[in-house]
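Reading through the structure tokens given below for one structure.
Protein chains in written order, with the numbering used here: chain A, 5 to 575; chain B, 981 to 1378; chain C, 3 to 266.
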């Protein structure tokens, strides 16, 4: 065994230390600190945990030593004691601000104030004098010491009066799982009053007990605590233990329990993973839905192939940018409102462009879908070039408002960013709005009438031309609104729309032309399938698979998921 | 009125070709080009006004390949109503087949000097040639593959699509999805086709230096000859009874079915032939341009081909050739003189042609106005007629 | 002593013989589009050489019935047999056309970019294969038949005219001519006289009666005068099933038919 060869003396003092630590980090700084700390705790063995002022000053003076090993030992002592007053000293040492004053040979914290350096007393924290830089000798540290300092700071922070500091300290310990921290942690648990942090501390204690437990029962208890958790971190801890345990011939009961625990954590994590995939799928689906829903009107309801649909989205995104620029110029304080203003603006701008396109080009091409396709493609080229000439070819920055930045993070590794959540919500609102317009407004009624029987609608007094233009405007306007949302997650560039056009058509065709709910279902199912494939195949291959699957799907059901049947459709 | 007896008499084998005025003009120009271009480049001294400079060889070669691609699109779109927005995929596949041969020809002259592996494979740390690169060191194999691979892809794709009666816009959209999927696939390094950069740095073909004027002349002539052959083949198809069935399918597909024809087989045949032609065009294109990369798969590139055909005049074959030359010359001109204006021009062309020139440039020339055959929806000629027809049809949009 | 089994056997023999005598046997066919029952247990039979008129108000299922016989639509249930043994529900349009069933659409559908002559040539019975078509050369026999048909449909002078330029009635006739070129055993004709002048209508009736001498013809029509001219058995469809069947005179006296046509 390596540990017998290396440190016979220490290994007896730290019986609970498993060989795992040696195997893991080798002959590391952390181990030295651990050994020293444990030894100190054992040898000092005093009930009170704080130094007196004098003791603190004394031990800090000992940091002024040529030998790194000596310094390590001292840091270990300070850490083991757990006196929170030592935190600024160790922090200063870590930051390279701990000096020896040449004048009186005392250790002080140096702080640059203008041209001179203030001396700050290590115990009281008060300024005791000042001098030029040359009168101070820096206490040098190396990487080994840096590691030790960080660990020591973490353990000291366990006793900080500040809850957030303590929380950070516990997380640091969780990550390092340094058994040397165990006694400190135990003391911290006795003093801790915050229930949330207490649970976290107990978890940290369990991870250590798993590694350092002396009896199988201690380990079993620890495994019990850990098995109830659902985080990748705990899974890693348990897995590591299982691997070590198998090579170390631990109690088979412990090994079996640990394996069961891994399986149960793994199972729950898998569920969370699936939930995460579904969420990401829904998120992608909502983007697809936003991009496609305008098309569901122009293509699905009117039967117009609008290849410039992507450019309507792009115009919406640039409108968002322009609105934001206007806010920045005229009302910087209200910039948080710019998105709220951009939504109707984008609807009006894109919708207006849509109406013009319908009146100038598309109305001459009804009933000739292939020609419409070509003409609108040409239009998309012109719009792209126009935007490029106006705004330049480079990406424009649209700033996210405060309520859209940030994220909800779960300990299980699932992260829900606010902007995606907003987009999901937004897509639902947009679809609900369209459904409402189509179903309950006079315009929706006229629109359905015209698409079902133009001649009849015309003869009962519906102005079919106006309805055509407005319907196309509605579809385009919705694309513009989609552009507002997409400006939050994509680059606002003249090519923005091109990236969505094929996907949008796929969604509409997949869902079934002329069926809003088909589009919704199509978007979400494509999004989810894509995200489930991604971890297996990678993003690009997943996309290729989805495209190929869609091509095959269209062969099978040429009219989409929810096709209208009957002879009227074929006419 | 010609007497049908004369029209359907047993004519000499290529008799129908002699009746094809536009085709004869095209073939004549191609023949002339085959003679004049090499002489102008190789024999006429550089200072002369009649000298054909080397850059022009490259340009002409490119246009000829594009013209062949446009011809292949016209064959299916103009005559059978299949609007493929993914024909660039077949073109690119043919190009990649030829590119693979040219890569293998580099041998150990690459940057890394590996005798077998192309540079990009050495760069990716690959140890041996993937199986699908085997055989591409033979020219004949590469040429075969340049036709076979697009042909097989078109056959499989067409078989699935036509059997399940995917038509019109739906077909256009899935052809676009097809080329988009291939674009994404060829961007991947692990596909083994050079990823983003594609295949380039070619040295020679069949042992002849690709940079030399002689080789370039031969390639231009080969492109012209191939265009001529494919034109004759296309014309042969369209004037046969099969061609009449294709036009019938374009105009009234279900009538053709109820008449007892298996529409899907006819479409499959012409789609596959067209893809093979596109593949040939790609194979001729790559050695003259010196590079093939995934950009050729871009859906936008395929749609552009359609506008060449539309500008020239669809359903005429020679119109497609003319359109390819006009639009690509315009592209060369505008991107050189005012690059910002090019997309406006191209976009405007798409709109203007569909609105005002449904029969293309050919249709606007009185001598050829009766030529071609725009579908039932486009039987009226000028835009005034169309407008009138549209006004009359206000009620007929269902 | 006849047992129940004997009776059943007797019945099935009768059905067999009934089938054997039919050229078209439609039995218990139902089809539903999105909850709408277009055909509801429709049954009728057409004998070889029979001329049959099918009438019925809008939405009675006349066109759907034709779609099912010609393979355009698949029934949810029921049998459709041609010449008693070929199951038409398993075949597609081209197969069925080649079996000898021709169909004329409600809206005249001809190949507009082809001449009258080429329209007939394309319809001419014979090889339908891709390569047969590619290397096809016009045979004298085919020319002969096209000539005959041109005479029959009275478009001989217009043989080189583009079909797009024909009048509505001429297109109807051309389409009938194309059907004749297919040499079908059964012709399904959907509203052949819609948009025709009176004299054209009369002539069409004569033409169809003529055709029915050598083959079976099923005519769907609204025009009662025309149906009377056809002078044949009439089937009345209503809401996807047969309401009445018989001579026009007797059918017109049927109170249910009167109710359907005139409303309650």
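C-beta atoms are modelled at their ideal positions from N, C-alpha and C, and glycine is treated no differently.
Being a predicted model, the structure only gives us computed values, none of them experimental.
- Task: Going by DSSP, name the residue or residues bridged to residue 122 of chain A.
- Result: A/115, A/134
- Item | Simplified DSSP state of residue 1153 of chain B, which is helix, strand or coil | helix
- Message: Once the 5 residues before and after residue 114 of chain A are set aside, which same chain residues still bring their CB inside 6 Å of it?
- Response: 101, 103, 121, 140
- Task: Report buried or exposed for residue 1057 of chain B, applying the criterion of at least 16 other Cβ atoms within 10 angstroms of its Cβ.
- Result: buried
- Would you mind sorting residue 1355 of chain B into buried or exposed? The rule is 16 or more other CB atoms within 10 Å of its CB. Low per-residue confidence applies at residue 1355 of chain B: pLDDT is 39, beneath 50, and the placement is therefore not dependable enough to give any value.
- Along the alpha helix (DSSP H) that carries residue 246 of chain A, what are the first and last residues, could you check? 236-252
- Query: If you drop the 5 nearest sequence neighbours on each side, which residues of the same chain put their C-beta closer than 7 Å to that of residue 1269 of chain B?
  - Reply: 1042
- State the start and end residues of the unbroken alpha helix (DSSP H) segment that holds residue 1144 of chain B. Segment: none, residue 1144 of chain B is in no alpha helix (DSSP H) and carries neither H nor E.
- Got a sec: is the Cβ-Cβ distance from residue 184 of chain C to anything in chain B below 8 Å? yes
- Item | CA-to-CA distance, residue 398 of chain A to residue 392 of chain A, given in whole angstroms | 8 Å
- Message: With a threshold of 6 Å on Cβ separation, who are the neighbours of residue 354 of chain A within its own chain once the five nearest residues in sequence on each side are excluded?
- Response: 316, 319, 320, 480, 481, 483, 484
- Given a threshold of 16 other Cβ atoms within 10 Å of its Cβ, counted over all protein chains shown, does residue 1105 of chain B qualify as buried or as exposed? exposed
- Residues of its chain near residue 160 of chain C, where Cβ-Cβ distance is below 8 Å and the 5 sequence neighbours each way are ignored: 118, 168, 172
- Item | Range covered by the alpha helix (DSSP H) that runs through residue 1237 of chain B | 1233-1238
- Item | Distance between residue 403 of chain A and residue 1181 of chain B (C-alpha atoms, nearest Å) | 44 Å
- Answer yes or no: do residue 476 of chain A and residue 308 of chain A have a C-beta to C-beta separation smaller than 8 Å? Yes, they are a contact pair.
- Short-range partners of chain C found in the segment 1218-1240 of chain B, where Cβ spacing is below 7 Å: For the segment 1218-1240 of chain B, which is checked against every Cβ of chain C, the residues closer than 7 Å are 1220, 1221, 1222, 1224, 1225, 1227, 1228, 1231, 1232, 1235, 1237, 1238, 1239, 1240.
- Leaving out the 5 sequence neighbours to the left and right, which residues in its chain are closer than 8 Å to residue 188 of chain C when beta-carbon positions are compared? Result list for residue 188 of chain C: 25, 26, 48, 84, 102, 103, 104, 217, 218, 219, 220, in chain order.
- Item | Nearest-angstrom Cα separation, counted from residue 68 of chain A out to residue 111 of chain A | If you take the alpha carbons of residue 111 of chain A and residue 68 of chain A, they lie about 7 Å apart.
- Go ahead and pull the three-state DSSP assignment for residue 453 of chain A. Annotated three-state conformation of residue 453 of chain A is helix, per DSSP.
- Query: How should residue 1054 of chain B be labelled, buried or exposed, when 16 other C-beta atoms within 10 angstroms of its C-beta is the threshold for buried?
  - Reply: buried
- Task: Taking a Cβ distance cut-off of 9 Å, strictly less, list which residues of the segment 43-72 of chain C are near chain B, in chain order.
- Result: 72
- Message: Using only the alpha-carbon positions, how far apart do residue 1113 of chain B and residue 1090 of chain B sit?
- Response: 17 Å
- First and last residue of the uninterrupted beta strand (DSSP E) at residue 30 of chain C: 26-35
- C-alpha distance - residue 225 of chain A paired with residue 124 of chain A, whole-angstrom precision: 47 Å
- Query: Using a C-beta cutoff of 8 Å, does residue 1166 of chain B count as contacting chain C?
  - Reply: No, because no Cβ of chain C sits closer than 8 Å to the Cβ of residue 1166 of chain B.
- Query: Looking at C-alpha atoms only, which residue of A/136, A/249, A/297, A/535 is the closest neighbour of residue 432 of chain A?
  - Reply: A/297
- Task: Just confirm the distance between the C-beta atoms of residue 173 of chain A and residue 162 of chain A, as a whole number of angstroms; I'd bet it's less than 8 Å.
- Result: 5 Å
- Query: Below 8 Å between beta carbons: does that hold for residue 1256 of chain B and residue 1130 of chain B?
  - Reply: Cβ atoms of residue 1256 of chain B and residue 1130 of chain B: closer than 8 Å.
- Message: Within a Cβ cutoff of 8 Å, which residues of the same chain sit near residue 294 of chain A, ignoring the five residues on either side of it in sequence?
- Response: 427, 430, 431, 434, 485, 486, 489, 490
- Query: On the three-pair Cβ rule with 8 Å, is the segment 1086-1102 of chain B touching the segment 1268-1283 of chain B?
  - Reply: no
- Kindly list the residues whose CB is nearer than 8 Å to the CB of residue 1309 of chain B, restricted to its own chain and excluding five residues on each side of it in sequence; keep chain order. 1043
- Query: So which of B/1241, B/1211, B/1018 has the shortest CA-CA distance to residue 1224 of chain B?
  - Reply: B/1241
- Query: In chain order, which continuous runs of the alpha helix (DSSP H) of length 4 or greater are located wholly inside the segment 280-346 of chain A?
  - Reply: 313-334
- Item | Beta carbon proximity, residue 138 of chain C to chain B, threshold 8 Å | yes
- Out of B/1119, B/1226, B/1211, B/1239, point me to the one whose CA is closest to residue 1048 of chain B's CA. B/1211
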